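Undergrad: Please find one structure pasted underneath; my questions will follow.
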């Protein structure tokens with residue numbers, strides 16, 4: 001199967017949704033290769049994700065969408081059809097720490113991460129050589145700490161020009177302005193280097209060291225206006241002991257950050273993450 | 001919701017299964033509160049599990065089964081409807097190690113494990129007081145190592161008399177005879193104290209110690225005639241170091257065994273485990 | 001080896017400590033079976049723990065202490081010698097949740113937890129039968145929420161009468177008064193059902209559910225006056241998903257609490273935990 | 001501290017070793033910044049590792065070794081002093097899978113892995129550009145499957161010319177000839193893509209898939225003549241489900257391999273791994 005259609009749905013829960021949707025797919029001859037569903041009984045909301053073999057169905061993604069639209073309307077659905085033949089365009093943003101960037105670029109290069117990376121943006125020039133070796137344009141946009149507005153205007157311009165579907169803050173150590181957060185709501189992914197909600201803000205490993213925790217963590221989440229408070233996609237941890245200095249925590253944490261970010265991004269790219277309020281449904 | 005219906009299906013994969021089943025449920029007014037599906041693309045087989053609110057559907061489990069039967073026939077399904085109002089009857093078997101038994105009895109007593117325990121059978125008398133304190137009958141069936149046949153005839157008689165739906169070997173250190181394995185195929189659960197397929201057979205922790213592994217494990221699996229080779233339900237591990245003796249591994253392993261067995265049994269009781277060949281689908 | 005001497009030392013770091021201590025032990029013919037050391041380079045403090053075979057050394061623990069005292073003085077040490085022949089006396093306190101209690105009692109009964117349990121104290125009467133089945137006295141001390149003073153006076157009296165070396169709050173859902181915290185500083189162990197410092201205070205699993213975390217945790221720590229802020233001994237986590245309700249988190253968390261508390265207590269009983277400020281050194 | 005001396009000792013256990021060694025260090029004014037010891041009571045063998053601040057001691061590593069030699073002789077020690085100012089020289093060997101190589105090169109480049117990498121050797125030419133971008137010589141040594149002798153003669157020549165202290169098989173998919181195993185015994189590190197001793201040999205993820213395991217793993221170990229049977233340094237695992245194909249296991253396993261290899265190599269470079277028979281003591 002060279003590509004797939006993905007139908008992702010979220011709507012008020014009621015009897016007959018699966019019947020209606022699955023019968024529609026069956027009527028087109030559609031072969032569902034993967035199906036996930038979730039009923040949030042507390043919130044009364046239903047979520048589903050179908051992966052469909054396009055060869056089994058005599059329709060383009062646009063046609064499928066057009067045919068599906070009345071059902072979406074009938075059930076009050078938020079829904080989308082995504083043809084994986086169209087790769088998502090992911091802009092990476094980074095500061096001076098290279099570990100998440102190296103990891104994502106390698107996954108992209110080896111075909112493990114199914115997306116296009118139109119460019120990398122950084123407030124420092126350090127990663128230029130690495131990025132360009134991968135054949136990806138690199139934009140150095142310095143941030144003046146007394147007036148960040150021009151820098152973020154330029155970032156926004158570059159992201160627009162790149163036609164980004166998604167922005168990944170791969171250890172980009174600047175706070176994103178609210179306008180950008182809002183514009184890319186649900187498409188702006190950050191890796192925070194703590195086990196949220198512990199240790200919000202700056203130097204979380206040093207905060208963790210000060211508190212004497214026995215596990216450190218990292219959190220991949222969507223960015224919202226409130227700092228480090230957006231919907232969590234993935235978290236992971238690593239065990240530490242009294243032997244480890246704050247610098248050791250920084251070092252050990254890098255591996256956790258890499259993995260949590262890579263998993264979170266992968267799930268996002270595969271349309272496995274649905275946002276509901278400040279939480280996520282992850283059909284992993 | 002005081003109880004639930006669970007519809008569990010396994011059949012050759014083809015277009016329209018979900019449509020047919022979900023439409024049938026919708027036609028009865030059935031509210032699906034949890035749904036899991038899996039297509040094994042390699043094996044061409046489809047698996048599903050629906051949890052349905054009985055109050056939404058004006059049918060008893062027997063009536064629901066009767067109505068569903070033609071669909072089962074049409075699609076060549078293995079299927080069952082289980083009304084959770086009817087608790088599964090689980091016979092526990094144990095030798096001298098108490099940790100899994102204590103854990104399961106406590107989960108049962110606190111309502112965490114939704115089953116009846118008609119009796120506990122052991123080849124030793126050590127656990128009698130513990131079991132009887134829980135108000136559960138205890139049967140001591142000594143096993144003569146020169147002739148195990150009478151003991152297992154008695155075990156089989158007791159299990160039959162208890163109308164067991166499921167047998168759990170909670171560290172019962174005897175090999176189960178093939179007839180019993182066959183009779184309770186897919187309903188006879190063991191906890192093996194290694195990370196299978198490593199360290200099959202006796203004294204796995206001592207084998208692990210001898211090999212110098214850095215992680216020990218436990219495996220919850222269905223018992224088949226071939227020793228420690230049946231379908232795996234759940235596995236877990238614990239980190240060890242050069243500081244740990246073989247006895248330490250035994251001790252640390254107990255916690256892993258408890259958890260892996262409790263999780264595996266819970267999933268079995270919740271109809272979340274489907275067997276296919278020598279593997280399991282676990283809708284956890 | 002039927003028992004062991006444990007020498008535990010904490011002092012300002014400088015050249016020659018190990019030489020002085022190990023030479024002293026060697027001069028007595030002492031065979032060190034386990035040795036742990038840690039230099040906190042930031043704090044300039046040194047920590048060590050020796051486990052010594054008593055048969056190799058012709059001295060009682062008291063005599064060993066007496067001979068060691070001048071070294072302790074010379075180096076400004078906090079130190080103690082513990083003969084494991086004298087078991088620590090551990091009072092357990094519990095409310096209505098039984099999982100940690102059952103786990104600790106079973107470990108104690110099976111000889112896995114090397115201590116005496118002179119009594120169990122609870123603000124409810126629910127656990128009486130369980131505790132008494134283990135042959136341990138049970139004290140029901142109801143807490144009047146309008147005036148908790150009499151209850152805690154009684155608790156303190158019982159703990160004193162039991163000659164407790166250590167108090168374990170095995171899900172005792174009351175805040176301990178400052179006087180008791182101070183009196184048993186470094187000997188009063190709690191299990192908090194969150195991954196601290198996240199979710200301090202009441203209903204942490206519901207807080208975690210509200211925040212949409214992907215991992216839940218538990219923290220074993222020494223109690224200090226400030227709620228859930230004392231030195232952390234051990235933490236552990238369990239993965240959760242969008243499928244889990246707040247009640248599921250409560251259930252899944254129980255296993256994590258059991259394990260974190262049991263490990264923390266074991267290390268405490270084995271003199272493996274040294275407190276320094278608000279942190280612990282754990283020679284596990 | 002710009003560098004450190006590391007004294008690593010293994011000898012028959014007896015009373016007075018620590019006293020003798022630590023007193024020797026103290027007499028030189030040596031400040032021990034990290035100390036690890038282990039007594040294998042079963043084997044009657046003692047292991048230790050001291051990290052010493054060179055500025056506290058008025059001796060070169062050579063002088064320190066010379067002064068220490070009589071103690072080594074007296075106690076029948078295997079011992080070495082390593083001055084970390086002299087970096088170990090690590091030759092990497094790789095086939096076509098890049099994930100471990102990329103990870104190690106990045107750790108080396110960012111200063112996280114304290115060694116020199118004089119060259120990378122591969123039986124394929126695919127990694128040349130990546131390696132050379134890091135400024136490291138790349139040697140393509142094709143292996144003729146009908147006669148591997150010339151290739152391994154060339155490998156041995158290159159390793160010798162590189163004055164390698166250590167060889168790392170970072171997914172080098174060829175069996176190393178016995179002579180090379182022997183020559184670099186205890187200095188030849190492999191990452192095997194299974195949780196050993198399960199799934200020795202070829203295609204371990206496919207073996208794991210076939211067996212239906214619920215956890216996959218990777219094992220970092222020293223290479224000996226017997227395939228995948230040498231002393232284990234580190235192991236790690238990742239949870240998998242029925243949803244994962246064999247190809248998914250391969251993909252998920254890459255992260256585990258990276259981490260297990262990186263940790264194992266780091267510990268080796270930091271003189272934290274002592275070999276005893278077919279096991280390791282890891283002072284991590």
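Protein chains in written order, with the UniProt record's numbering: chain A, 1 to 284; chain B, 1 to 284; chain C, 1 to 284; chain D, 1 to 284. Note that CB positions come from ideal geometry on N, CA and C, so glycine has one too. All figures in this text were calculated on a predicted structure; none of them were measured in a lab.
1) Establish whether the CB of residue 37 of chain B and some CB of chain D are separated by less than 7 Å.
2) Unbroken beta strand (DSSP E) runs of length 3 or more, entirely within the stretch 72–152 of chain A: which are they?
3) Any idea what DSSP makes of residue 205 of chain A, helix, strand or coil?
4) How would you write the range of the alpha helix (DSSP H) that residue 266 of chain C sits in, first residue to last?
5) Applying a beta-carbon distance threshold of less than 7 Å, which residues of chain B neighbour residue 31 of chain C?
6) What would DSSP say about residue 225 of chain C, mapped onto helix, strand or coil?
7) Taking a Cβ distance cut-off of 7 Å, strictly less, list which residues of the stretch 184–200 of chain B are near chain D, in chain order.
8) Touch check for the stretch 192–199 of chain C and the stretch 191–209 of chain A: three-plus C-beta pairs under 8 Å?
9) Within 10 Å of its beta-carbon, does residue 129 of chain D have 16 or more other beta-carbons around it, so buried, or fewer, so exposed?
10) In whole angstroms, give me the CA-to-CA distance for residue 41 of chain B and residue 235 of chain B.
11) For the stretch 71–87 of chain D, enumerate the residues whose C-beta is nearer than 8 Å to any C-beta of chain A, in chain order.
12) Give me whichever residues DSSP pairs with residue 173 of chain D in a beta bridge.
13) How many Å lie between residue 65 of chain D and residue 161 of chain D at the Cα?
14) Provide the residue(s) that pair with residue 157 of chain C in DSSP beta bridges, ordered along the chain.
15) Between the C-alpha atoms of residue 109 of chain B and residue 36 of chain C, what's the straight-line distance to the nearest angstrom?
16) Could you name the residues of chain A that residue 259 of chain D contacts, counting a contact when the two beta carbons are closer than 7 Å?
17) Excluding the 5 residues preceding and the 5 following residue 91 of chain D in the sequence, name in chain order all residues of the same chain whose CB lies nearer than 8 Å to its CB.
18) Quick one, which residues of the stretch 129–151 of chain B are near chain C if we go by CB-CB under 9 Å, in chain order?
19) Using the beta-carbon of each residue, which ones in chain D are nearer than 8 Å to residue 216 of chain B?
20) For residue 87 of chain B, which residues from the same chain have a beta carbon less than 6 Å from its beta carbon, with the 5 sequence-adjacent residues on both sides left out?
21) Measuring only the C-alpha atoms, how far is residue 48 of chain B from residue 14 of chain B?
22) What residues of chain C sit near residue 112 of chain B, judged by a beta carbon separation below 7 Å?
23) Grab the span of the alpha helix (DSSP H) containing residue 17 of chain A for me, first residue to last.
24) Taking only the alpha-carbon atoms, compute the straight-line gap between residue 209 of chain D and residue 249 of chain D and give it to the nearest angstrom.
25) Name the two residues that bound the continuous alpha helix (DSSP H) containing residue 33 of chain B.
26) Can you list, in chain order, the residues of its chain with a C-beta nearer than 6 Å to that of residue 132 of chain C? Leave out the 5 residues immediately preceding and following it.
27) Give the secondary structure of residue 66 of chain B by DSSP, where H, G and I count as helix, E and B as strand, and everything else as coil.
28) Is any beta-carbon of chain C found at less than 7 Å from that of residue 210 of chain D?
29) For residue 234 of chain A, return the contacting residues in chain C, with the cut-off set at a CB-CB distance below 8 Å.
30) Does the beta-carbon distance from residue 213 of chain C to residue 238 of chain C come in below 7 Å?
31) So, does the CB of residue 168 of chain A fall closer than 7 Å to a CB anywhere in chain D?
32) Pull up the DSSP beta-bridge partners for residue 166 of chain D, would you.
33) Please list, in chain order, the chain D residues whose beta carbon lies closer than 9 Å to that of residue 282 of chain B.
34) Express the C-alpha separation of residue 22 of chain C and residue 233 of chain D in angstroms, rounding to a whole number.
35) For residue 44 of chain B and chain A, any beta-carbon pair shorter than 7 Å?
36) Could you check whether the Cβ of residue 279 of chain D sits closer than 7 Å to any Cβ belonging to chain B?
TA: Concretely, from the data shown:
1) Position 37 of the second chain, counting from 1, holds the residue named residue 37 of chain B. Judged by the 7 Å Cβ criterion, residue 37 of chain B is not in contact with chain D.
2) 78–83, 88–94, 120–122, 138–140
3) Taking the first residue of the first chain as 1, we reach residue 205 of chain A at position 205. Three-state result, residue 205 of chain A: helix.
4) The residue labelled residue 266 of chain C in the question sits at position 266 within the third chain. 246–269 is the extent of the alpha helix (DSSP H) around residue 266 of chain C.
5) As a first step, residue 31 of chain C is located in the third chain; it is residue number 31 there, counting from the start. In chain order: nothing, as chain B lies at least about 17 Å away.
6) Along the third chain, read from residue 1 onward, the residue named residue 225 of chain C stands at position 225. Correct three-state label for residue 225 of chain C: coil.
7) 195, 197, 198
8) The answer is yes - the stretch 191–209 of chain A touches the stretch 192–199 of chain C, with three or more Cβ pairs under 8 Å.
9) Within the fourth chain, numbered from 1, the residue matching residue 129 of chain D stands at position 129. By the 10 Å Cβ count, residue 129 of chain D comes out exposed.
10) Walking along the second chain from the start, residue 41 of chain B turns up at place 41. Walking along the second chain from the start, residue 235 of chain B turns up at place 235. Rounded to whole angstroms, residue 41 of chain B to residue 235 of chain B spans 24 Å at the Cα level.
11) none
12) Here residue 173 of chain D is taken as the residue at index 173 of the fourth chain, counted from 1. Under DSSP, residue 173 of chain D takes part in no beta bridge, so it has no partner.
13) Taking the fourth chain and counting its residues from 1, one reaches residue 65 of chain D at position 65. Taking the fourth chain and counting its residues from 1, one reaches residue 161 of chain D at position 161. For residue 65 of chain D and residue 161 of chain D, the gap between their C-alpha atoms comes out near 27 Å.
14) Here residue 157 of chain C is taken as the residue at index 157 of the third chain, counted from 1. BP columns for residue 157 of chain C are empty, so no partner.
15) What you label residue 109 of chain B is simply residue 109 of the second chain in a count that begins at 1. What you label residue 36 of chain C is simply residue 36 of the third chain in a count that begins at 1. Distance between the alpha carbons of residue 109 of chain B and residue 36 of chain C: 42 Å.
16) Position 259 of the fourth chain, counted from the start, is the residue given in the question as residue 259 of chain D. Listed along chain A are 255, each with a C-beta nearer than 7 Å to that of residue 259 of chain D.
17) Here residue 91 of chain D corresponds to residue number 91 of the fourth chain, with the count starting at 1. 117, 118, 119, 120, 121, 158, 159, 162, 164, 166, 167, 168, listed in sequence order.
18) Answer set for the stretch 129–151 of chain B: 129, 130, 133.
19) Numbered from 1 along the second chain, position 216 holds the residue referred to as residue 216 of chain B. The contacting residues do not exist; residue 216 of chain B stays about 10 Å from chain D at best.
20) In the second chain, residue 87 of chain B corresponds to position 87, counting from 1. Within the same chain, Cβ atoms closer than 6 Å to the Cβ of residue 87 of chain B are found at 115, 116, the five residues on either side in sequence being excluded.
21) Within the second chain, residue 48 of chain B is the residue found at index 48, counting from 1. Within the second chain, residue 14 of chain B is the residue found at index 14, counting from 1. Going from the Cα of residue 48 of chain B to the Cα of residue 14 of chain B covers about 13 Å.
22) As a working note, residue 112 of chain B is residue 112 in the second chain. At a beta-carbon threshold of 7 Å, the residues of chain C lying near residue 112 of chain B are 251, ordered along the chain.
23) If you number the first chain from 1, residue 17 of chain A lands on position 17. For residue 17 of chain A, the enclosing alpha helix (DSSP H) has its first and last residue at 17–27.
24) What you label residue 209 of chain D is simply residue 209 of the fourth chain in a count that begins at 1. What you label residue 249 of chain D is simply residue 249 of the fourth chain in a count that begins at 1. Approximately 8 Å between the Cα atoms of the pair.
25) Residue mapping note: residue 33 of chain B aligns to position 33 of the second chain, counting from 1. DSSP places residue 33 of chain B outside any alpha helix (DSSP H); the residue lies instead in the beta strand (DSSP E), whose first and last residues are 31–40.
26) What you label residue 132 of chain C is simply residue 132 of the third chain in a count that begins at 1. Once the five neighbours on either side are set aside, the close Cβ partners of residue 132 of chain C are 138.
27) Translated into the one-based positions of the second chain, residue 66 of chain B becomes position 66. Three-state result, residue 66 of chain B: helix.
28) Counted from its first residue, the fourth chain places residue 210 of chain D at position 210. No, residue 210 of chain D does not count as interfacial toward chain C.
29) For this step, residue 234 of chain A is matched to residue 234 along the first chain. Ordered by position in chain C, the residues that pass the 8 Å Cβ test against residue 234 of chain A are 214.
30) The count along the third chain starts at 1 and reaches residue 213 of chain C at position 213. The count along the third chain starts at 1 and reaches residue 238 of chain C at position 238. Their beta carbons are not under 7 Å apart, which means residue 213 of chain C does not touch residue 238 of chain C by this criterion.
31) The count along the first chain starts at 1 and reaches residue 168 of chain A at position 168. It does not: the Cβ of residue 168 of chain A has no partner Cβ on chain D nearer than 7 Å.
32) Stepping through the fourth chain from its first residue, residue 166 of chain D is reached at position 166. Paired residue(s): D/90.
33) Reading the second chain from its first residue, position 282 is the one you call residue 282 of chain B. Result: 214, 241, 242.
34) For this step, residue 233 of chain D is matched to residue 233 along the fourth chain. For this step, residue 22 of chain C is matched to residue 22 along the third chain. Cα to Cα, residue 233 of chain D sits roughly 30 Å from residue 22 of chain C.
35) Locating residue 44 of chain B in the second chain gives position 44, counting from the first residue. No, residue 44 of chain B lies away from the interface with chain A (no Cβ there is under 7 Å from its Cβ).
36) Here residue 279 of chain D corresponds to residue number 279 of the fourth chain, with the count starting at 1. Among the CB atoms of chain B, one or more fall inside 7 Å of the CB of residue 279 of chain D.
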